[in-house]
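Going line by line, the protein sequences match chains A and B.
For the first sequence, numbering that gives the first Met the number 0 gives the first residue as 0, with consecutive numbering after it.
For the second sequence, numbering that gives the first Met the number 0 gives the first residue as 0, with consecutive numbering after it.
Every residue, glycine too, gets a C-beta built ideally from N, C-alpha and C.
Report on the structure given below.
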Amino acid sequence: MNVLHFLIKDIFQKKMRMLLTICGISIGVCVCIVMLGIGESIKASFKDAYGKRQIEIIIEQKDQLSILLSRLDSSLAQEVRKIPAIEDASATLLYLHKLKGSAVPVFGWEPDSFLFDVIELTQGRRPVLGKREVIVGEAFMRSLAEEQEKQIKIKEVLFNVVGVFKSSSPFEQFAVVMPLADLQSTIGEAGRASFINVRLRPAYRSEAMIAKTIRELEGSFPSVTSMRADAFISEKTKFIVMGEQFSFLVSLITIIAVALGLANTMVTSSFEKRKFLAILLALGWQKVEIALLFLGESLVVALIGGGIGIILGFKGTAYIFSMTNINAFVPTLSIIFILKIVGLILGSAIFAAIVPTWITLNSNPVEVIRGE
Amino acid sequence: MNKAANQKSVFRTVNLRKFYPQTQTFALRDVSFSVAKGDFVGIKGPSGSGKSTLLYILAGLLEPSSGEIYFQDKPFETIKNKSLYRRKNIGFVFQDFYLYPRFSVLENMLFPCMHQFFISGATIKKAERQLEYLHMRDKKNMRVEVLSAGERQRVCIARALLYEPQCILADEPTGNLDSENARNTLSLFRKINEEHKTTILLVTHDDMISDYAHRIVRIIDGNLHNG
């Protein structure tokens, strides 16, 4: 027998009230996760796309606001590879294709690009240049499977799906990949790329060497901009950061409401059993033990509600992504993010426990026992 | 007759006073008395005479306005942690049981041990022994709400005995019982006193107490009278 046995039994003495409190916490946590999780997922998608491939530098068109609008000469990749610090460079063309009302990212990669190294082909083979072949991410494939389709029409050109890949990047899970030249000809942008991914040799991956290489690239190719991959991600996710500030504010208000709701339940509960608590004090309980009793009760309720809220939040984020027309993002809630949410839940539980503890410990047990 | 007159004192008070400023009344006026180890003292008196106040002061739940208290000849003010003092030395029994109605008998007994986080098998066995002692073992898994008043009071006594205290302070334990259950409860206190040598201070209105306690003290208007 342990403390949890008593706490749970005690908490569910008032089933309806506790269920309503747990519902309130779940909804509050769910709202926080959805609000904060969307930005978190999109940023994680971007980071994964670059981090796993050890891409340190991105080269794009100068002064272009969106990567979708950035265009540069794809042969620039060959020139870039000649710089001693650079291990490899790969030109990528990005095109957003409208499919069944959603925007699907279509990547054009050079056939021998190192970008292929990180994705894992789970079915089929790589697409062959000139054969109108594509490979698709697993999540995208699932949406195709529903329709029994193995072909995709892009700009009136039919492409056969010859492979399915699993990518560590959720960004690519919904993507279509084909040889660069095929995409260039399909969308009428021969010889063009959106950006060039640059991987440095291991000896050149320090902060100082990355900065030096960027200076060298900008000196050699003044018509383009070179930037660190992490700065590129921050730049491209600026809109997310702005949205996140708003989401954070809404989440903060929600969590405060959750904490107040829980505190209200705890105070009501403490009033109901104030005589019993006075008896515990009379039987030799110490003030700290009374505080721990409230904390335990508050934590159990908050963690049950919070746990349900996290699951609902994850499902909610997925649902919202499925409703948007940008199919590129799938919900990715990192451990750190979940820990932050759990921290907020624990903070609420502690706050909710402080109020009844303070009330109980400031009342005279003798007066409570005597009913005065 | 005080059978324990020459034994070591558990409690001793000297000119104990308790003044309630809110009502401007003295609950206790210069109360000096001693309770020996193994004594069974009945404290009688009309309502509001100060008898429960005396009990709560001895338990360390109320501060006296003036006077001295000694526990086992040690000045009371030297006991820094009154909670631990109560836990180790005092068992409390109240008129209004204060049990969790939907918890079982055993759970109600063990609830006060919840501060231990994990309640050991030894503690559970000890609780079962106390229930056995009070002829309640067969009811250990029954919800308290289905028990009679007399049985509930026995659960409270079992709870008070769990830490094997030196002294039991009982505040009107027969107040909510019919005469038969009251008699049974008083005889149970007597049994505990005789078999465990537990010191008992029992506050009551009940005249039957004189059949069970070693001695009776009366408190009237805050003044203590022997016999």
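Could you name the residues of the same chain whose beta carbon sits closer than 7 Å to that of residue i, not counting the 5 residues immediately before and after it, in chain order?
i, result
"isoleucine 349 (chain A)", "Leu294"
"phenylalanine 194 (chain A)", "Ile57, Ile58, Glu59, Ile66, Ser69, Thr91"
"glutamate 86 (chain A)", "Arg198, Leu199, Arg200"
"asparagine 183 (chain B)", "Gly149"
"asparagine 324 (chain A)", "Any reading at asparagine 324 (chain A) is ruled out, since the residue's pLDDT is 45, under 50, leaving its predicted position unreliable."
"asparagine 225 (chain B)", "Val216"
"leucine 93 (chain A)", "Ile66, Leu67, Pro104, Phe106, Ser193"
"serine 25 (chain A)", "Gly304, Ile307, Gly308, Leu311"
"glycine 136 (chain A)", "Phe164, Ser166, Glu171, Gln172, Phe173, Ala174"
"methionine 207 (chain B)", "Ala181, Arg182, Leu185"
Cutting at 8 Å between CB atoms, please list the residues of its own chain near residue i, excluding the five before and the five after it.
i, result
"asparagine 1 (chain B)", "Below a pLDDT of 50, predicted positions are generally treated as unreliable, and asparagine 1 (chain B), at 44, falls in that range; no measurement from the model is reported."
"valine 299 (chain A)", "Leu3, Leu6, Ile7, Ile10"
"phenylalanine 336 (chain A)", "Leu35, Gly36, Glu39"
"phenylalanine 188 (chain B)", "Phe39, Ile156, Ile167, Ala169, Pro172, Ile199, Leu201, Tyr211"
"asparagine 175 (chain B)", "Gln94, Asp95, Phe96, Ala148, Gln152"
"isoleucine 209 (chain A)", "Glu55, Ile56, Leu199, Tyr203, Arg227"
"asparagine 180 (chain B)", "Ser147, Ala148, Gly149, Gln152, Thr173"
"glutamate 119 (chain A)", "Phe164, Lys165, Ser166"
Whose CA, out of the options, lies closest to the CA of residue i?
i, options, result
"arginine 442 (chain A)", "A:Ile252, A:Glu234, A:Ile58", "Outside the shown range of chain A, which is 0 to 371, sits residue 442 (chain A), and nothing can be said about it."
"asparagine 222 (chain B)", "B:Ser48, B:Ser33, B:Phe10, B:Thr22", "B:Ser48"
"isoleucine 186 (chain A)", "A:Glu206, A:Ala202, A:Val266, A:Ile153", "A:Ile153"
"leucine 182 (chain A)", "A:Lys211, A:Tyr203, A:Leu143, A:Pro126", "A:Pro126"
"glutamate 132 (chain A)", "A:Lys149, A:Thr121, A:Ile319", "A:Lys149"
"phenylalanine 10 (chain B)", "B:Phe32, B:Leu161, B:Thr173", "B:Phe32"
"phenylalanine 170 (chain A)", "A:Pro104, A:Val160, A:Val161", "A:Pro104"
"leucine 161 (chain B)", "B:Lys190, B:Leu185, B:Asn175, B:Arg128", "B:Arg128"
"valine 28 (chain A)", "A:Ala210, A:Glu55, A:Gly305", "A:Gly305"
"glutamine 63 (chain A)", "A:Gly260, A:Thr224, A:Leu302", "A:Thr224"
"leucine 179 (chain A)", "A:Lys42, A:Ile340, A:Ala76, A:Tyr49", "A:Ala76"
"lysine 196 (chain B)", "B:Ala181, B:Arg217, B:Asp206, B:Gln165", "B:Gln165"
"valine 154 (chain B)", "B:Glu194, B:Phe93, B:Ser209, B:Ser178", "B:Phe93"
"leucine 338 (chain A)", "A:Thr359, A:Leu248, A:Leu302", "A:Leu302"
"isoleucine 78 (chain B)", "B:Lys190, B:Leu105, B:Met135, B:Ala58", "B:Ala58"
"leucine 98 (chain B)", "B:Gln23, B:Leu146, B:Ile208, B:Arg85", "B:Leu146"
"proline 100 (chain B)", "B:Asn14, B:Glu144, B:Leu54", "B:Glu144"
"phenylalanine 139 (chain A)", "A:Lys274, A:Lys42, A:Ile151", "A:Ile151"
"lysine 46 (chain A)", "A:Ser333, A:Asn361, A:Trp357, A:Ala351", "A:Ser333"
"glutamine 53 (chain A)", "A:Met265, A:Met0, A:Thr316, A:Val117", "A:Val117"
"phenylalanine 247 (chain A)", "A:Ser74, A:Leu292, A:Ile340", "A:Ile340"
"serine 261 (chain B)", "B:Lys7, B:Val30, B:Gly41, B:Ile219", "Absent from the model: residue 261 (chain B). The displayed extent of chain B is 0 to 226, so no value can be given."
"glutamate 288 (chain A)", "B:Arg86, B:Lys7, B:Pro20", "B:Arg86"
"isoleucine 68 (chain B)", "B:Asp29, B:Ser46, B:Ser82", "B:Asp29"
"threonine 359 (chain A)", "A:Phe320, A:Glu188, A:Phe313, A:Trp284", "A:Trp284"
List the residues that DSSP assigns as beta-bridge partners of residue i.
i, result
"lysine 198 (chain A)", "First, the amino acid is wrong: residue 198 (chain A) is arginine here, not lysine. According to DSSP, arginine 198 (chain A) bridges with A:Asp87."
"threonine 203 (chain B)", "B:Lys43"
"isoleucine 134 (chain A)", "A:Gly162, A:Val176"
"serine 101 (chain A)", "A:Leu98"
"tryptophan 108 (chain A)", "A:Thr91, A:Pro178"
"alanine 192 (chain A)", "A:Leu71"
"histidine 224 (chain B)", "B:Arg217"
"asparagine 1 (chain A)", "B:Phe117"
"phenylalanine 113 (chain A)", "Beta-bridge pairing links phenylalanine 113 (chain A) to no other residue."
"methionine 226 (chain A)", "A:Ile57"
"phenylalanine 25 (chain B)", "B:Phe18"
"glycine 123 (chain A)", "A:Gly162"
"threonine 198 (chain B)", "B:Cys166"
"leucine 360 (chain A)", "In the DSSP output, where bridge partners are listed per residue, leucine 360 (chain A) has none listed."
"serine 248 (chain B)", "Outside the shown range of chain B (0 to 226) lies residue 248 (chain B), about which nothing can therefore be said."
"lysine 152 (chain A)", "A:Leu157"
Under 8 Å by Cβ, that's how I've got residue i and residue j pegged, so tell me the actual separation to the nearest angstrom.
i, j, result
"valine 30 (chain A)", "threonine 253 (chain A)", "5 Å"
"serine 103 (chain B)", "lysine 139 (chain B)", "7 Å"
"threonine 121 (chain A)", "lysine 165 (chain A)", "5 Å"
"alanine 281 (chain A)", "proline 364 (chain A)", "6 Å"
"threonine 203 (chain B)", "lysine 43 (chain B)", "6 Å"
"serine 156 (chain A)", "isoleucine 134 (chain A)", "Residue identity differs from the one stated: residue 156 (chain A) is valine in this sequence, not serine. Actually they are not in contact, since the Cβ atoms of valine 156 (chain A) and isoleucine 134 (chain A) sit about 16 Å apart, beyond 8 Å."
"alanine 84 (chain A)", "threonine 212 (chain A)", "5 Å"
Give me, in chain order, the residues of the same chain whose beta-carbon lies closer than 6 Å to that of residue i; leave out the 5 immediate sequence neighbours on both sides.
i, result
"isoleucine 56 (chain B)", "Pro63"
"isoleucine 368 (chain A)", "Ala277"
"isoleucine 118 (chain B)", "Leu109, Cys112"
"glutamate 243 (chain A)", "Gly38"
"alanine 88 (chain A)", "Ala76, Val79, Arg80, Ile195, Val197"
"isoleucine 344 (chain A)", "Ala301, Gly305"
"cysteine 22 (chain A)", "none"
(request) Jot down the residue ranges of each uninterrupted beta strand (DSSP E) in the region 54 to 82 of chain A, minimum 3 residues, whole runs only, in chain order. (result) 56 to 60
(request) Kindly provide the ranges of any beta strand (DSSP E) runs that are 3 or more residues long and lie completely inside the region 58 to 130 of chain B, ordered along the chain. (result) 65 to 70, 89 to 93
(message) Going residue by residue through the region 139 to 165 of chain B, where are the continuous alpha helix (DSSP H) segments of at least 4 residues, counting only ones entirely within it?
(response) 148 to 160
(request) Enumerate, from N- to C-terminal direction, the unbroken alpha helix (DSSP H) stretches of 4 or more residues contained entirely within the region 259 to 344 of chain A. (result) 273 to 281, 286 to 322
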